[in-house]
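K.L.:
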Amino acid sequence: MAEISDRERIDEALELLWVLDEEGHGELERFIHSSDDPDVPLLTDTLREEGLTAVADGLIRLTDKGRVMARGLVRRQRLAERLFTDVLQMSEDTVLNDACKMEHILSEELTESVCTFLGHPPTCPHGKPIPRGECCKKLRIDIRPVVTGLSEFEVGATGRITFIVPSDPSRISKLNSLGIVAGSVIKLIQKIPSFVLQIDETTVAIDPSIAKEIYLKKVVV
Ligand SMILES: [Zn+2]
Ligand SMILES: [Zn+2]
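The sequence shown begins at 383 in this note's numbering and counts up by one.
Right under this line is the structure:
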């Protein structure tokens with residue numbers, strides 16, 4: 383029995399099957415044509431022999447075991463994409479390749495931390511659903527994500543700035559001069575038409591486009 387020992391090739395296949403399934407495609411032909419694996423027939427056999435897929439009537443589907451694995455892989459990849467675009471401000475196109483590698487590095491434990499840190503995002507930057515994890519279930523009980531963007535922050539609430547990701551780096555010094563730096567405690571006074579923050583005794587108005595780049599953690603005062 384010939385088998386592929388390369389985990390990564392199997393992982394890539396599982397992810398592809400998950401994505402095809404999301405798009406409503408279960409045809410074996412479709413899988414074969416979409417895969418860029420150098421030996422798709424062998425790959426297909428290996429998946430079946432490992433109990434990850436079942437093939438019948440020209441359709442290939444993930445077994446329960448295969449689904450659990452694919453789900454975890456897709457979750458890690460899409461969270462990695464979010465991490466790269468939201469926090470590191472990389473473009474969505476460049477992100478895919480790095481995220482592809484990252485899903486193999488993120489441990490389950492680290493995945494939960496990343497998910498919590500990002501506020502349990504429902505979708506990746508491309509708009510595809512991120513499969514929920516254990517941490518997201520807990521969210522329903524204690525509701526609040528750890529870090530939220532200022533745009534999503536509630537008026538009247540107080541938060542400590544966790545980080546700022548300016549699209550224009552020259553903005554940082556301007557924000558700094560206003561007292562908007564990581565570690566500052568601010569109160570959100572209003573959102574419309576512009577964002578008004580209270581920092582110590584001063585109030586500062588900022589543009590909504592800048593508010594999007596400020597992330598903070600709610601503090602109870
Ligand atoms: Zn994506
Ligand atoms: Zn989560």
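The beta-carbon is built from N, C-alpha and C at its ideal position, and this holds for glycine as well.
1) Would you list the one or two residues that DSSP bridges to K600?
2) Please say whether I592 and I543 have beta carbons closer to each other than 9 Å?
3) Could you work out which residue in F413, I588 and H502 is closest to T530 when comparing CA atoms only?
4) Roughly how many angstroms lie between the CA atoms of G541 and L557, to the nearest whole one?
5) Beta-carbon separation of G561 and I588 under 9 Å?
6) Going by DSSP in three states, E448 sits in which element: helix, strand or coil?
7) Say the cut is 8 Å; is the CB of T544 nearer than that to a heavy atom of ligand 2?
8) Quick one: residues in its chain with C-beta nearer than 7 Å to the C-beta of M383, no 5 flanking neighbours on either side, listed in chain order?
9) Suppose you measure from the CA of D421 to the CA of P575; what does that come to, to the nearest Å?
10) Closest by CA to D439, which one among G408, P423 and G538?
11) In terms of DSSP beta bridges, what is E405 paired with?
12) Looking only at its chain, what residues have a beta carbon closer than 6 Å to the beta carbon of W348, apart from the 5 residues adjacent to it on each side?
13) I want to check one thing, is the minimum distance from the CB of R460 to the heavy atoms of ligand 1 below 8 Å?
14) Assuming L492 contacts L465 (C-beta within less than 8 Å), just tell me the rounded distance between them.
15) Does at least one heavy atom of ligand 2 sit under 8 Å from the Cβ of T530?
16) Is it buried or exposed for D388, if we count other Cβ within 10 angstroms and need 16 for buried?
17) For a test of your reading of the model: does the CB of E404 fall under 8 Å from any non-hydrogen atom of ligand 1? Yes or no.
18) Considering only C-alpha positions, which residue in the set V578, G538 and K599 is nearest to S566?
19) For P606, which residues of its own chain have a beta-carbon under 7 Å away from its beta-carbon, when the five flanking residues on both sides are left out?
20) Look up F466 in the DSSP assignment and give the residues it is bridged to.
21) Thinking V528 and V469 are a contact (beta carbons under 8 Å), I'd like their distance in whole angstroms, please.
22) Which residue marks the beginning of the beta strand (DSSP E) containing A564, and which one marks its end?
P.N.:
Looking at the atomic coordinates:
1) Numbered from 1 along the sequence shown, position 218 holds the residue referred to as residue 600. Answer by DSSP bridge pairing, in chain order: G541.
2) Translated into the one-based positions of the sequence shown, residue 543 becomes position 161. Translated into the one-based positions of the sequence shown, residue 592 becomes position 210. No, the Cβ-Cβ distance between I543 and I592 is not below 9 Å.
3) Translated into positions along the sequence shown, residue 530 becomes position 148. Residue H502 holds the alpha-carbon nearest to the alpha-carbon of T530 among F413, I588 and H502.
4) If you number the sequence shown from 1, residue 541 lands on position 159. If you number the sequence shown from 1, residue 557 lands on position 175. Cα to Cα, G541 sits roughly 16 Å from L557.
5) In the sequence shown, residue 561 corresponds to position 179, counting from 1. In the sequence shown, residue 588 corresponds to position 206, counting from 1. No, the pair does not count as a contact, with Cβ atoms beyond the cut-off.
6) Position 66 of the sequence shown, counted from the start, is the residue given in the question as residue 448. Checking the sequence shown, residue 448 turns out to be Gly, not Glu. In the three-state reduction of the DSSP assignment, G448 falls in the helix class.
7) Counting from 1 along the sequence shown, the entry for residue 544 is found at position 162. T544: no, Cβ never under 8 Å from ligand 2.
8) For the purposes of this step, residue 383 is identified with residue 1 of the sequence shown, where counting begins at 1. Here M383 scores only 49 on pLDDT, less than 50, and its place in the model should not be relied on; the value that follows carries that caveat. Here M383 has E431 as same chain residues with Cβ atoms under 7 Å from its own Cβ, once five neighbours each way along the sequence are excluded.
9) Counting from 1 along the sequence shown, the entry for residue 421 is found at position 39. Counting from 1 along the sequence shown, the entry for residue 575 is found at position 193. Inter-residue distance for D421 and P575 is about 57 Å (C-alpha atoms, whole angstroms).
10) To locate residue 439, count along the sequence shown from 1; it is residue 57. Comparing Cα positions, the closest option is G408.
11) Position 23 of the sequence shown holds residue 405. Paired residue(s): none; E405 is not in a bridge.
12) Here the chain has residues from 383 to 603 only, and residue 348 is not among them.
13) Residue numbering aside, residue 460 sits at position 78 when the sequence shown is read from its first letter. Yes - ligand 1 has a heavy atom lying nearer than 8 Å to the Cβ of R460.
14) Sequence index remark: in the sequence shown, residue 492 carries index 110 (1-based). Sequence index remark: in the sequence shown, residue 465 carries index 83 (1-based). Wrong, their Cβ atoms sit about 11 Å apart, outside the cutoff.
15) On the sequence shown, residue 530 is found 148 positions in, with the first residue counted as 1. Because no heavy atom of ligand 2 lies under 8 Å away, the Cβ of T530 does not count as near it: no.
16) Residue mapping note: residue 388 aligns to position 6 of the sequence shown, counting from 1. Label assigned to D388: exposed.
17) The residue labelled residue 404 in the question sits at position 22 within the sequence shown. Incorrect: E404 has no Cβ contact closer than 8 Å to ligand 1.
18) As a first step, residue 566 is located in the sequence shown; it is residue number 184 there, counting from the start. The shortest Cα separation from S566 among V578, G538 and K599 belongs to K599.
19) Summary: the structure shown does not reach residue 606, with the chain confined to residues 383 through 603, and so no result is reported for it.
20) In the sequence shown, counting from the first residue as 1, residue 466 sits at position 84. Under the DSSP definition of a beta bridge, F466 lacks any partner.
21) Taking the first residue of the sequence shown as position 1, residue 528 is located at position 146. Taking the first residue of the sequence shown as position 1, residue 469 is located at position 87. Actually they are not in contact, since the Cβ atoms of V528 and V469 sit about 13 Å apart, beyond 8 Å.
22) What you label residue 564 is simply residue 182 of the sequence shown in a count that begins at 1. Secondary structure note for A564: it is in no beta strand (DSSP E), with a DSSP letter that is neither H nor E.
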